[in-house]
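In the numbering used here, the protein residues as written are 6 to 291.
We treat Cβ as the ideally placed atom computed from N, Cα and C, and that holds for glycine.
All of these numbers come straight from a predicted model, not from anything done at the bench.
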Ligand SMILES: *[C@@H]1O[C@H](CO)[C@@H](O)[C@H](O)[C@H]1NC(C)=O
Ligand SMILES: *[C@@H]1O[C@H](CO)[C@@H](O)[C@H](O)[C@H]1NC(C)=O
Ligand SMILES: *[C@@H]1O[C@H](CO)[C@@H](O)[C@H](O)[C@H]1NC(C)=O
Ligand SMILES: [Zn+2]
């Protein structure tokens with residue numbers, strides 16, 4: 006009994022010590038990937054199946070947060086999860102915003118998406134690729150989710166809302182985490198008995214009904230480009246200004262009003278992330 010108690014304490018402490026995630030939480034990323042995998046062409050579905058690690062059992066959503074779990078020891082990957090703009094600037098500019106803390110150009114979520122797009126394009130070539138395309142697929146699928154989380158294209162000095170302390174109902178949180186996790190979690194608890202598949206199914210229903218006439222527009226990349234993460238980043242920072250940051254003050258309690266008015270934005274961004282991840286993989290794998 007004592008021993009069991011000790012183990013329990015040890016496990017709980019370990020969980021509490023784990024670093025908070027960046028990007029949609031586990032559920033958000035899984036939802037984006039579930040939607041995407043259901044929309045793949047035969048060629049893309051086959052490539053994904055070939056590239057997924059065996060333990061994923063052909064379920065992309067099970068490994069969509071892999072990039073978050075490795076980012077703390079794969080040091081170069083840290084800056085690739087976001088692209089913050091200068092404070093109060095509600096637009097995205099590649100030259101200005103896509104760099105790491107040392108100012109190295111292209112090291113942000115938008116640069117990473119083009120990087121892994123280019124790597125995945127070597128899948129069908131005759132010569133053996135120099136890249137690990139399993140990793141490229143996992144990074145790519147994760148970053149396509151991240152770029153759709155509005156606060157991943159937030160302001161620089163508050164680190165995309167990470168330093169803005171607020172309460173979510175009774176719990177202490179930061180604004181970034183509310184967009185990564187809490188809005189999704191509260192929706193799942195209230196409307197879906199905490200069942201992520203039911204939430205995903207509802208999003209998919211809306212993709213075929215309410216949003217149906219917008220899907221072509223979401224999928225399209227202008228100028229015949231394969232991926233266009235710059236467009237998603239521009240939408241993201243605008244949503245950050247219009248919804249995530251709007252009317253939020255430090256130490257404020259956010260509850261029903263904020264939840265109800267922001268949930269539609271979260272739903273939209275999850276759906277767009279999934280639809281665009283599929284469309285881009287379909288273009289990549291032809
Ligand atoms: C591109 O991917 C390689 C890993 O194959 C990584 O070393 C490099 O930092 C990445 N660059 C960007 C901008 O994503
Ligand atoms: C590619 O990366 C995966 C995931 O990190 C790893 O398990 C696998 O061994 C790597 N493949 C090669 C050929 O290095
Ligand atoms: C689906 O669309 C309806 C009608 O606009 C909306 O009330 C509902 O919240 C949406 N659900 C999801 C999961 O997108
Ligand atoms: Zn991330």
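Each residue's CA atom was taken as its position, placing residue 167 and residue 132 some 44 Å apart. Looking at 153, 116 and 214, the one whose alpha-carbon comes closest to that of residue 100 is 116. In chain order, 118, 119, 122, 226 and 285 place their CB closer than 7 Å to the CB of residue 232, counting only its own chain and leaving out the 5 sequence neighbours on each side. In its chain, beyond the 5 residues on either side, 54 and 57 have a beta carbon closer than 7 Å to the beta carbon of residue 63. Restricting attention to 265, 260 and 219, the CA atom closest to the CA of residue 276 is found in 219. Any heavy atom of ligand 3 counts here; residues with a Cβ closer than 6 Å to one of them, in chain order, are 207, 208, 211, 215 and 272. Residue range 170 to 173 is occupied by the beta strand (DSSP E) that includes residue 170.
Boundaries of the beta strand (DSSP E) harbouring residue 176: 176 to 179, taken from the DSSP string. When DSSP reads this structure, residue 259 sits in a beta bridge with 173.
Between residue 95 and residue 243, the C-beta gap is smaller than 8 Å, which places the two residues in contact. Taking a C-beta distance under 8 Å as the contact criterion, residue 171 and residue 259 qualify as a contact pair.
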